[in-house]
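Peer 1: 103 is the number of the first residue of the sequence shown in our numbering; add one for each residue after it.
For glycine and all other residues, C-beta sits at the position ideal for the given N, C-alpha and C.
Could you have a look at this structure, given as structure tokens, before my questions?
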Amino acid sequence: MNDVGLIGLAVMGQNFALNMARKGYRVSVYNRTPERTKKFVEEKVRDESIFPFYTIEEFVKSLKKPRKIILMIKAGKAVDDMIAEILPYLELGDLIVDSGNSHFADTARRLEYLSQKNILFLGMGISGGEYGALHGPSLMPGGTKEAYDLIKDILLKAAAKTEDGPCCTYVGKGSAGHFVKMVHNGIEYAIMQLIAEVYDFMKKVLNMTNEQIGDVFEKWNKGELNSYLMEISYKIMRYKDKETGGFLIDYILDKAEQKGTGKWTAQTSLDLGVPTPTLNLAVEARIISHYKEERKILSKLYSKEKNIISVNKEEMIEHLKKALLFGVFMSFSQGLWLIDEASKQYNYGIDLSEILRIWKGGCIIRAEILDFLRDIIRENEEDANLLHSDKAIDFIKDKLNSIYQVTEIGKNYRIPLMTMNSALDYYFALTEENLPANIIQAQRDFFGAHTYERIDREGIFHTEWER
Ligand code: NDP
103 MNDVGLIGLA
113 VMGQNFALNM
123 ARKGYRVSVY
133 NRTPERTKKF
143 VEEKVRDESI
153 FPFYTIEEFV
163 KSLKKPRKII
173 LMIKAGKAVD
183 DMIAEILPYL
193 ELGDLIVDSG
203 NSHFADTARR
213 LEYLSQKNIL
223 FLGMGISGGE
233 YGALHGPSLM
243 PGGTKEAYDL
253 IKDILLKAAA
263 KTEDGPCCTY
273 VGKGSAGHFV
283 KMVHNGIEYA
293 IMQLIAEVYD
303 FMKKVLNMTN
313 EQIGDVFEKW
323 NKGELNSYLM
333 EISYKIMRYK
343 DKETGGFLID
353 YILDKAEQKG
363 TGKWTAQTSL
373 DLGVPTPTLN
383 LAVEARIISH
393 YKEERKILSK
403 LYSKEKNIIS
413 VNKEEMIEHL
423 KKALLFGVFM
433 SFSQGLWLID
443 EASKQYNYGI
453 DLSEILRIWK
463 GGCIIRAEIL
473 DFLRDIIREN
483 EEDANLLHSD
493 KAIDFIKDKL
503 NSIYQVTEIG
513 KNYRIPLMTM
523 NSALDYYFAL
533 TEENLPANII
543 QAQRDFFGAH
553 TYERIDREGI
563 FHTEWER
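Dropping the structure here:
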């Protein structure tokens with residue numbers, strides 16, 4: 103009998119099956135299209151204890167009880183269809199783990215449905231791409247503790263490791279795992295866009311070559327900005343196209359694709375009423391990038407006149423570094439606040455410092471700054487708003503002049519800095535006691551009798567404005 107079953111043998115599933123087998127587990131595998139299973143076993147499996155099955159019934163029967171089945175298939179209807187297919191063969195206390203990028207609301211629904219049938223269920227976020235799936239991803243499982251305990255040994259062994267332990271923890275109740283993975287991706291979108299804006303600035307203001315940009319990114323990657331996304335960015339800047347011999351980056355069309363998790367983060371933050379403008383604008387930036395033809399037409403209609411400012415290149419690179427750190431800090435800060443609010447509203451019971459710990463290895467947003475953020479969270483007794491801490495105040499103070507310089511000069515050169523500007527505006531708005539929302543309340547009351555509160559006395563007021 104085998105220890106664990108895995109369904110879905112595309113890139114993630116193949117590699118995760120190999121990962122678990124290399125940790126000493128006997129793994130049963132199944133894929134809807136049998137040719138894929140056959141090809142995987144013939145071409146990728148060597149000495150690993152991986153056993154292919156071509157019917158669901160045989161696959162399920164090959165597993166030790168209580169059975170543990172991990173789904174690594176396309177998110178959405180495919181997950182419901184697959185659950186329906188395996189359900190007739192399962193017994194009380196068996197466990198299904200959905201490790202695709204499922205929407206957290208679907209996970210909550212499936213959890214409810216399966217608990218009525220006494221089948222355990224975990225919604226597990228996984229990050230690290232195909233490399234992580236094989237060598238150790240960051241795993242974000244959520245659901246009942248009982249379900250987690252059943253499979254935790256396997257997950258802890260398969261996960262990436264850092265000096266703070268395996269990058270896997272019991273994230274929380276219900277759909278907590280998929281919620282946290284969704285926000286992870288929202289932060290990922292924001293950091294990618296921030297790096298893209300720095301790259302744009304370096305090219306258009308500082309006239310830097312790809313090699314020079316790559317050198318600066320590599321240098322940054324050795325310090326405070328050390329992160330997986332910084333590392334791949336400097337490698338990208340240097341990569342030569344095999345066909346043309348030029349830099350591949352210069353041949354890539356400037357239209358950013360997306361699969362939806364960044365959009366879900368933005369939608370959810372609006373639903374929960376948590377401000378995450380930098381995360382949201384990273385999605386908007388991808389959407390605008392998609393209108394290539396429209397941008398081409400409009401770029402000819404409007405003046406490209408720049409206000410050339412003489413800048414000291416070395417100083418400006420230092421400002422860009424600090425501005426990027428500012429943006430990254432605000433992105434994590436917004437994401438953590440969103441997770442915390444969801445944890446309260448959905449009763450997830452999430453420990454924020456544990457989330458930061460399991461993001462330290464394996465995942466796409468792994469970064470040096472996570473240790474600093476963890477210190478803040480722990481010192482402030484899990485207060486989700488990082489901006490309250492003294493450490494954050496000092497950190498921000500040190501970066502402010504740089505983000506001012508970058509956003510100001512960016513405007514003079516007509517460079518869209520959507521996430522940089524939003525991070526600064528978020529900071530301005532959140533740290534401002536008096537916002538102009540009073541006039542919005544007056545307008546609402548004027549046209550819709552929506553009422554308002556006053557600063558000088560308690561109560562709800564309405565005014566007949568034109569009388
Ligand atoms: P895909 O998202 O491309 O999904 C392909 C797999 O899903 C194949 O095994 C396919 O089977 C199966 N599938 C699709 N529809 C059905 C269905 N109706 N019934 C049964 N099986 C179905 O594969 P990935 O490996 O890229 O990702 C797997 C999951 O992990 C996804 O949810 C993805 O969002 C998530 N993920 C992916 C990451 C990545 O870097 N790729 C990173 C993190 C998470 P068949 O061969 O029969 O078509």
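On the three-pair Cβ rule with 8 Å, is the segment 460-476 touching the segment 423-431?
Peer 2: Judged by Cβ distances under 8 Å, the segment 460-476 makes contact with the segment 423-431, as three or more pairs qualify.
Peer 1: E232 to K179, Cα distance in whole Å?
Peer 2: Looking at the two C-alpha atoms, the distance is approximately 23 Å.
Peer 1: For K423, count neighbouring Cβ atoms within 10 angstroms of its own Cβ and tell me buried if that reaches 16, exposed if not.
Peer 2: Result: buried.
Peer 1: Measure the beta-carbon distance from K357 to K406 and round it to whole angstroms, keeping in mind my assumption that it falls under 8 Å.
Peer 2: Not quite, the Cβ-Cβ distance comes to about 21 Å (not below 8 Å), so this is no contact.
Peer 1: Using three-state DSSP, classify I466 as helix, strand or coil.
Peer 2: Looking at I466 - three-state DSSP - the assignment turns out to be coil, as it is neither helix nor strand.
Peer 1: Within 8 Å, do at least three Cβ pairs link the segment 498-518 to the segment 276-283?
Peer 2: Counting Cβ pairs under 8 Å, fewer than three are found: no touch.
Peer 1: Going by the DSSP bridge assignment, what does V430 pair with across the sheet?
Peer 2: Answer is none; V430 lacks a bridge partner.
Peer 1: Between which residues of its own chain and L258 is the CB-CB distance below 7 Å, once the five residues before and five after are set aside?
Peer 2: Once the five neighbours on either side are set aside, the close Cβ partners of L258 are P268 and C270.
Peer 1: Starting from the N-terminal side, write out each stretch of the beta strand (DSSP E) that is 3 residues or longer and does not extend beyond the segment 220-304.
Peer 2: Taking only runs of at least 3 residues, the beta strand (DSSP E) segments lying wholly in the segment 220-304 are 222-229 and 240-245.
Peer 1: In the DSSP assignment, the beta strand (DSSP E) including V181 goes from what residue to what residue?
Peer 2: First-last for V181: K179 to I188, but that is the alpha helix (DSSP H), not the beta strand (DSSP E).
Peer 1: What number of angstroms, rounded off, separates the C-alpha of K342 from the C-alpha of E313?
Peer 2: So the two alpha carbons sit approximately 11 Å from each other.
Peer 1: Taking 7 Å as the cut-off, is the CB of R134 close to at least one heavy atom of the ligand NDP?
Peer 2: It does: the Cβ of R134 is within 7 Å (strictly closer) of some heavy atom of the ligand NDP.
Peer 1: So, at 8 Å on beta carbons, what are the nonlocal neighbours of M294 in its own chain, with the 5 sequence-adjacent residues on each side left out?
Peer 2: If we look at M294 and ignore the five residues flanking it on each side, its Cβ neighbours are L331 and A384.
Peer 1: Taking the beta strand (DSSP E) that I457 falls in, what are its first and last residues?
Peer 2: Run containing I457: none in the beta strand (DSSP E); it sits in the alpha helix (DSSP H), L454 to I460.
Peer 1: Where does K170 fall in DSSP's three states?
Peer 2: In this structure, K170 counts as strand in the three-state DSSP scheme.
Peer 1: Hey, would you say the C-beta of R138 is under 7 Å away from at least one heavy atom of the ligand NDP?
Peer 2: Because some heavy atom of the ligand NDP lies under 7 Å away, the Cβ of R138 counts as near it: yes.
Peer 1: Round the Cβ separation of L120 and E144 to the nearest angstrom and send it over; I've been treating them as touching at under 8 Å.
Peer 2: Actually they do not touch by this definition, with Cβ atoms about 14 Å apart.
Peer 1: Starting from the C-beta of A123, find all residues in its chain whose C-beta is less than 6 Å away, skip the five residues before and the five after it, and write them out in chain order.
Peer 2: Counting only Cβ-Cβ distances below 6 Å, and skipping sequence neighbours, we find V129, E150, S151 and I152.
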